[in-house]
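Chemist:
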Amino acid sequence: MTKLGVITIGQAPRKDVTPILEEHLPSRVDIVQAGV
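Now the structure itself:
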């Protein structure tokens, strides 16, 4: 499985952005979120 790391400065996780990314990525991509 492929993982996509998303780093957000400030508010995380970004539940408003995740569905947009999932819509455009293959289903085999796992999105991992982190905030700083």
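Throughout, our numbering is defined as the position within the sequence shown, counted from one, plus 156.
For glycine and all other residues, C-beta sits at the position ideal for the given N, C-alpha and C.
Based on DSSP bridge pairs, tell me the residues matched to Thr158.
Modeler: Residue numbering aside, residue 158 sits at position 2 when the sequence shown is read from its first letter. Bridge partners of Thr158: Val185.
Chemist: Where DSSP assigns a beta bridge to Ile176, which residues make up the other side?
Modeler: Stepping through the sequence shown from its first residue, residue 176 is reached at position 20. Partner(s): none; Ile176 has no beta bridge.
Chemist: Excluding the 5 residues preceding and the 5 following Gln167 in the sequence, name in chain order all residues of the same chain whose CB lies nearer than 8 angstroms to its CB.
Modeler: What you label residue 167 is simply residue 11 of the sequence shown in a count that begins at 1. So the qualifying residues of the chain are Gly191.
Chemist: Grouping DSSP H, G and I as helix and E and B as strand, with all else coil, what is Val163?
Modeler: Locating residue 163 in the sequence shown gives position 7, where the first residue counts as 1. At residue 163 the sequence reads Ile, which differs from the Val that was named. If DSSP states are grouped into helix, strand and coil, Ile163 belongs with the strands.
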